Amino acid sequence: MTGEELLRKLELADPAYVQAAADAPPERRRPRLRRALLGAACVCLLASAAAAAGGGTWLLDSFTARGAPGSDLIQSGYDLAADVEKFPASALTGDIREAGEEIARQFENYDPTSSWYPGTLLRTHFPSAAEARAYIGLDALRGLDWDLEETRTALDVTGDPQGYLQRVQLETDYEVEGVQLQAFATVFTEDSDDTVVIGTRTTEDVAFSESLRTSAGGRRYQVITDTGLASGYYGMDGYLVEDGVLYSLHLAYLKEDEALAESLLCQWADLF
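The sequence shown begins at 1164 in the numbering used here and counts up one residue at a time.
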């Protein structure tokens, strides 16, 4: 699956623009293979440095109003690399295996002239995050012991034409006094790409800044904030890796609620 497809399919809810996505895999033509291998080597070196520092994610790139060659479209965003575990399919012991079967049927019945592309499945029927975790059945996946009311729980599953699951993302939404929160737990399997790169894109002129923090429990986590959208909303994202699973929290808030958003982000990190 290309980075563009992931950016289209991993949209986060409004009012914020934040999306999670993976970079496009390198083309297999020989002239580009060497550059791809060099890029992978750089990521490995960065991963080693991040591991030595006790971290699970690190910033690869940040840009503001960058234009694509031959296009009037501009984008602002950032890319993070993540050092996560690639779980074997056998570790997913819940009913989620049926999702792989359904994704395989998507590819079998795919009409190239249609407006949709196979390979992803969205499940929104879960009454709680606990039931969604049971559906996944991964021991390493932990719940948030957070005293907040869940407003929505969803699973976004990605798989290949053979029905092998590549990525499972659990989203749990909350709202606290106007601050909108989206908590994500993302599981990558042994059938996913070798390197994990996630990111954010918006067509607005936005700048991003990074900070590294430590939770009350000694967990290192990464925070990315932006300079605000035309709508008046700001974005704040926290990232950490625990037991091989990538966890992230996106907060969308008005400027007057910045202190509350900061407090909620710290609460989230302290849950690990």
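For every residue, glycine included, the Cβ atom is placed at its ideal position computed from N, Cα and C. These numbers were taken from a predicted model, which means no experiment stands behind them.
> How big is the Cα-Cα spacing for R1286 and T1220?
Replying inline: 27 Å
>> Excluding the 5 residues flanking Y1298 on each side, which residues of the same chain have their C-beta closer than 6 Å to its C-beta?
In response: G1257, D1258 and I1259
> Short check: CB of F1347 to CB of R1382, under 8 Å?
Replying inline: no
> Given D1354, which residues of its chain have a CB within under 6 Å of its CB, disregarding the five upstream and five downstream residues?
Replying inline: Y1327 and Q1329
> What does L1412 pair with, by DSSP beta-bridge criteria?
Replying inline: A1346 and G1401
> Span of the alpha helix (DSSP H) holding G1322?
Replying inline: Unbroken run through G1322 is the beta strand (DSSP E), R1315 to G1322; no alpha helix (DSSP H).
>> Let me confirm a value: D1400 is counted as buried when at least 16 other C-beta atoms fall within 10 Å, else exposed. Which label applies?
In response: buried
> Under a three-way DSSP split, which group does F1435 fall into?
Replying inline: coil
> Can the beta-carbon of E1291 be found less than 8 Å from the beta-carbon of E1271?
Replying inline: For the record, residue 1291 in the displayed sequence is Ser; it is not Glu. In this structure, E1271 does not lie closer than 8 Å to S1291 by Cβ.
>> Using CA atoms only, rank isn't needed, just tell me which of A1379, I1387 and V1359 is closest to S1372.
In response: I1387
>> For G1362, report the span of its beta strand (DSSP E) as first-last.
In response: V1359 to T1365
> Would you report the Cα separation of S1225 and D1242, rounded to the nearest angstrom?
Replying inline: 7 Å
>> Looking only at its chain, what residues have a beta carbon closer than 6 Å to the beta carbon of A1262, apart from the 5 residues adjacent to it on each side?
In response: L1284 and V1320
>> Given a cut-off of 8 Å on the beta-carbon distance, is the pair L1304 and V1350 in contact?
In response: yes
>> At the level of alpha carbons, what is the spacing between D1246 and L1409?
In response: 8 Å
>> Do L1428 and L1412 count as a contact pair if the criterion is CB distance below 8 Å?
In response: yes
> By the 10 Å Cβ neighbour count, where 16 or more other Cβ atoms means buried, how is W1431 classified, buried or exposed?
Replying inline: buried
>> Can you tell me whether Q1325 is helix, strand or coil according to DSSP?
In response: coil
> Which word fits E1294, buried or exposed, when buried means at least 16 other C-beta atoms lie within 10 angstroms of its C-beta?
Replying inline: exposed
> Who are the Cβ neighbours of L1301 in its own chain at under 7 Å, not counting the five residues just before and after it?
Replying inline: F1250, A1254, L1255 and V1350
> Do G1398 and A1370 have their C-beta atoms within less than 8 Å of each other?
Replying inline: no
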